Structures are given as structure tokens and as C-alpha cells.
Amino acid sequence: MTFFFISKLFRKFVQKKFMIISLIGYMGSGKSHISKILSEKIDFKLIDLDKEIVRRNKLTIPEIFEKRGEIYFRKLEREALEEILASEENVVLSLGGGTPVYYNNMEIINHNSKSIFLRTSVGTLVERLSKQKEKRPIIANITDEDLPEFIAKHLFERNQFYSKAQYSLSTDSREPEDIVKEIIEKLYL
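Just so we're aligned: 77 in our numbering is position 87 of the sequence shown, and the numbers increase by one with no gaps anywhere.
And the structure:
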């Protein structure tokens, strides 16, 4: 009886010749930072969806929200997402916190990439985001006193989408390098 041992190399050979890794999670979960480290570690192209939208439109995210509104921004976001997911190259894609929530984005993310949900507690998010409110249009006008309740409610609403990710891992009290190592192990890279 012959047994076939499918090595890591053989698995990569029979799979697609490229991979897109999509990091999802609430704003402040560390997607941008983790994706940068991960892309360098595995030598994949790094794309931050929000930065790509800014580059294409020559407006910051707050400016797009202010001048055209969130619905227009979500349309731009969807167009950029579809183009990136259709690319045939190795990519680490950092998604905006709301990206999985709109249209059927979570389904196309899962169909065209390996999705990883970076779970972060409300306490950690409040700590991180309270220092970045002016850069975050969704929370820019929320008082520090109301921020924990806002984040908890928003996270509760979005978790139904985030939980559809193929992989999930906690980021609380962890070093970014440990999170990247776990992602690499989960994806057999």
C-alpha cells in the first residue's frame, strides 16, 4: 500500500500560485501594524485599503466622509476591494473596520482571500482609540465619556460579520510579533 505524504511544498504547488491574506477587525485592533509586520516577514505586497482609497481619490477618509458622505465612501471602498481581491499576486490586505459590514463584502473577502479577524476587547480599543479620535471620522465627535459605550455597541453590531472570518485570534496583551507568528502558523506559510 502506498501512502502519499503531502508536504508543505506540494500543497503550495497544487494550490493557487498566489494568496491574499485579509486582516479584519474593529478600528484600533492593530490591522495596519500587524499587516505591515506580516507582509515584511512573508515577503507579500502590503495594501491598506483605506490608504488605497486615499491614494485613488486624493482626499483623506475624513474629507471623503465630510464632502461626499459615508455611502459614497462605502462605494469607493467596495470598488477598491473588488479590484484588489481580483489581483493575482501575494498580498496582505488591511481592511477598514467597516469593510466587512457593507454589501456582501465578507462573502467576497472569504471567497477570494484568507480572512483573519483580529479580536480586541472594548477596554483595549477605548485605550487605543481615545488617543486617535481626530483621525477616525466615526468617533471624532464622541466624548471620552461616551466612547466605551459607543465602541461596545458598534462592536456588538459588527461582530456578526467579523465572526465569519476563516480564522480568529485575540490581540489583547500580545506583542505584534507573536500575533504574526500565529497567523503564519495558521496559514501554513
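Each residue gets a CB set at the ideal place from its N, CA and C atoms; glycine is no exception. Since this is a predicted model, take the numbers as computed values, not measurements.
TODO: Using three-state DSSP, classify I11 as helix, strand or coil.
DONE: Of the three classes helix, strand and coil, the one that applies to I11 here is strand, per DSSP.
TODO: Decide yes or no for the touch test of the region 19 to 31 against the region 89 to 104: beta carbon pairs closer than 8 Å, at least 3 of them.
DONE: Touching, no.
TODO: Could you check what DSSP says for R126 in three-state terms: helix, strand or coil?
DONE: Note: R126 maps to coil in three-state DSSP.
Open item on the list: With the cut-off set at 8 Å, would you say T133 and G18 are in Cβ contact?
Closed with: No, the Cβ-Cβ distance between T133 and G18 is not below 8 Å.
Open item on the list: Report the CB separation of T89 from L108 in whole angstroms; it is logged as a contact under 8 Å.
Closed with: For T89 against L108, the beta-carbon gap comes to about 13 Å, at or over 8 Å, which does not count as contact.
- [ ] Mind reading off the beta-carbon distance from L119 to I141? Whole number of angstroms is fine, and I expect it under 8 Å.
- [x] Between I141 and L119 the Cβ distance is about 7 Å, and since that is below 8 Å, they are a contact.
- [ ] Just grab the DSSP bridge partners of R164 for me.
- [x] None; R164 has no bridge partner.
Task: A155 burial status per 10 Å Cβ neighbour count (16 or more: buried) - done: Buried, since its Cβ has 16 or more Cβ neighbours within 10 Å.
Open item on the list: Spatial neighbours of M9 within its chain, please: C-beta separation below 6 Å, excluding the five flanking residues on both sides.
Closed with: The residues are N80.
TODO: Measure from the alpha carbon of E42 to the alpha carbon of each residue in S84, N100 and F34, then state which is nearest.
DONE: Of the listed residues, the one whose Cα sits closest to E42 is S84.
Task: Of the residues V116, R148, E124 and E147, the one placed nearest D136, counting alpha carbons only - done: By alpha-carbon distance to D136, the top candidate from V116, R148, E124 and E147 is V116.
Task: CA nearest to the CA of E78, picked from G87, S103, G86 and I54 - done: Measuring from the Cα of E78, the nearest candidate turns out to be S103.
Open item on the list: Quick check: K31 and I174, are their CB atoms within less than 8 Å of each other?
Closed with: Contact: yes.
Task: Continuous beta strand (DSSP E) stretch holding D40: start and end - done: For D40, there is no enclosing beta strand (DSSP E); the enclosing alpha helix (DSSP H) has its first and last residue at L39 to N47.
Open item on the list: What would DSSP say about S111, mapped onto helix, strand or coil?
Closed with: Note: S111 maps to coil in three-state DSSP.
Open item on the list: Taking DSSP's pairing of strands, which residues face K104 in a bridge?
Closed with: I11.
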